[in-house]
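2 protein chains.
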Amino acid sequence: MMISTRGRYALRVMIDLAEHKTDGYIPMKEVAARQEISLKYLERILPVLVKNGLVEGVQGKGGGYRLSRVPEECTVGEILRLTEGNLAPVACLDCNAEVCEKKDTCKTLSMWTEFHRLTNQYFDGITIAELANGKSL
Amino acid sequence: MMISTRGRYALRVMIDLAEHKTDGYIPMKEVAARQEISLKYLERILPVLVKNGLVEGVQGKGGGYRLSRVPEECTVGEILRLTEGNLAPVACLDCNAEVCEKKDTCKTLSMWTEFHRLTNQYFDGITIAELANGKSL
DNA sequence: TATCAACCTACTAAACAAGTAGGAATAGTG
DNA sequence: CACTATTCCTACTTGTTTAGTAGGTTGATA
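Those protein sequences? They're chains A and B, same order as listed. Residue numbering for the first sequence follows the working numbering, starting at 57 and increasing by one per position. Residue numbering for the second sequence follows the working numbering, starting at 57 and increasing by one per position.
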C-alpha cells in the first residue's frame, strides 16, 4: 500500500520542470542536483514519460527535457499510472492481470472497485501546476 | 500500491466468521477449506487480530475462533491497518518512520496526507456486516 | 572534434511477499 | 491417562520487486 520512489521521483521531476520552466530544455543533471536524486536513476524513469508524451527530451549539448504541455494540463493521476503501472489496490482490478475466478461471488470486489475509482478520481483532480504553486488541499 | 494477501485474507476470514457465526468457536481449518487458503498461512495472520481484540481464539479440541464483536462493529479500516501495518501511501506518513527532513518544503506532502485521510475514511466506513450481506457500494 | 546531453541494456544488493515446516502448548473426550 | 484437535510460535525458503549502479551508444551543438 505504498507509492514507490519511481512515482514520487517522477512527480518531483515534473514539478521541478514546471518551476524552472524556460523557453529551452533543462538538463536532468540540474534537476537531479536540486532534488537530490541519483541522475542515473532518473534517466531510467524518464523514458516512460517521454514515450507517453508528458515530457520532450532532446539529446546533445544544450539539450535536456521540458514539459510537453502546460503544467495545468498534467495530472498527478496520469503520471502515477505511468510510473507505478496502475493505481489498483488489488490485482483483480489490473486490466493486464488474469481474470479472478472468484469474481462473481467475491464479497469484497465492489469495495476494491469503488476504492480504485476514488483513487483515480482524487489523483486525476490534482495538477502539477497546483503542486508547484503549493496549493493547499 | 497494493493490498497484500495478508490484508485480503484477514478480511475474508472475518467475513467467513461472520457468515458462519454460531454460539461456539469455528476452527480455522474449516475457514481455510471454504476460502481455499492455506491453513498454515492463516495461522500466521490471525495472531495480530487476536492481540488487538478483533477475534478470540480458543485452543484444544472444540476450539477455534469467533468474532469478539458483532460484525456491525468491525470496520475494514481497522482490519487493514492491523494486517497491512498502515494505510499510508508514502513512508513519510507512517508514524513509526523517521521524520522526513524535506517535510517543510515538500510540495507533495499535503496531497499524500489528504489521500491518506481519504483512504482511512473510506475503509473505516465499511463494516464486515455490510460485506457479508453483500451490500453494493 | 570535443563536449554535453539523452538513451539503452545489463547487472546487483537488499527487502518484501507469500508461503512452508515442524513443532509446543492447551483443552476437551473415550 | 492417552488421544485428538486445535491454537500458537519460530525459523526457514523461494520468488519477486525495489532502488539503484555500471558502462556504454547515439545525437546535437560550439
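Just so it is clear, CB atoms sit at the ideal spot from N, CA and C, and this is done for glycine as well.
query: Chain-order list of residues whose beta-carbon lies under 8 angstroms from that of V132 (chain A) (same chain, five-residue window excluded); result: L67, F179, D180, I182, T183, I184, L187
query: Collapsed DSSP secondary structure at V104 (chain A) in the structure displayed; result: helix
query: Within chain A, the residues that R64 (chain B) reaches when beta carbons sit closer than 8 angstroms; result: V146, T164
query: CA-to-CA distance, L136 (chain B) to Y121 (chain B), given in whole angstroms; result: 19 angstroms
query: Alpha helix (DSSP H) segments (min. 4 residues) lying fully within the segment 124-153 of chain B; result: 132-140
query: Cβ pair G113 (chain B), V104 (chain B) closer than 8 angstroms; result: no
query: Same chain only: Cβ atoms within 8 angstroms of S124 (chain A), ignoring 5 sequence neighbours per side; result: G109, L110, V111, E112
query: K159 (chain A) versus L165 (chain A): straight-line alpha-carbon distance, rounded; result: 7 angstroms
query: Distance CB(T175 (chain B))-CB(R62 (chain B)) smaller than 8 angstroms; result: no
query: Closest by C-alpha distance to H172 (chain A), when choosing among A:K191, A:E157, A:N152, A:A147; result: A:A147
query: With 16 other Cβ atoms within 10 Å as the buried cut-off, status of D79 (chain A); result: exposed
query: Collapsed DSSP secondary structure at Y81 (chain A) in the structure displayed; result: coil
query: Proximal chain B residues relative to L187 (chain A), where beta-carbon distance stays under 8 angstroms; result: K163, T164, M167
query: 9 angstroms Cβ cut-off: residues of chain A touching G190 (chain B); result: K163, S166
query: Interface flag, I182 (chain A) vs chain B, CB-CB below 8 angstroms; result: yes
query: I93 (chain A): contacting residues in chain B (beta-carbon distance under 7 angstroms); result: None at all; the shortest Cβ gap to chain B is about 11 angstroms.
query: Outcome for S130 (chain A) when other beta-carbon atoms lying within 10 angstroms are tallied against a minimum of 16; result: Reading off the sequence, residue 130 (chain A) comes out as Cys, not Ser. Counting Cβ neighbours within 10 Å, C130 (chain A) comes out buried, since at least 16 surround it.
query: Selected residue, minimal CA-CA separation from E128 (chain A), among A:S94, A:P145, A:L73; result: A:L73
query: Residue environment, V69 (chain A), which counts as buried when at least 16 other CB atoms sit within 10 Å; result: buried
query: Which residues DSSP lists as bridging R64 (chain B), in chain order; result: Paired residue(s): none; R64 (chain B) is not in a bridge.
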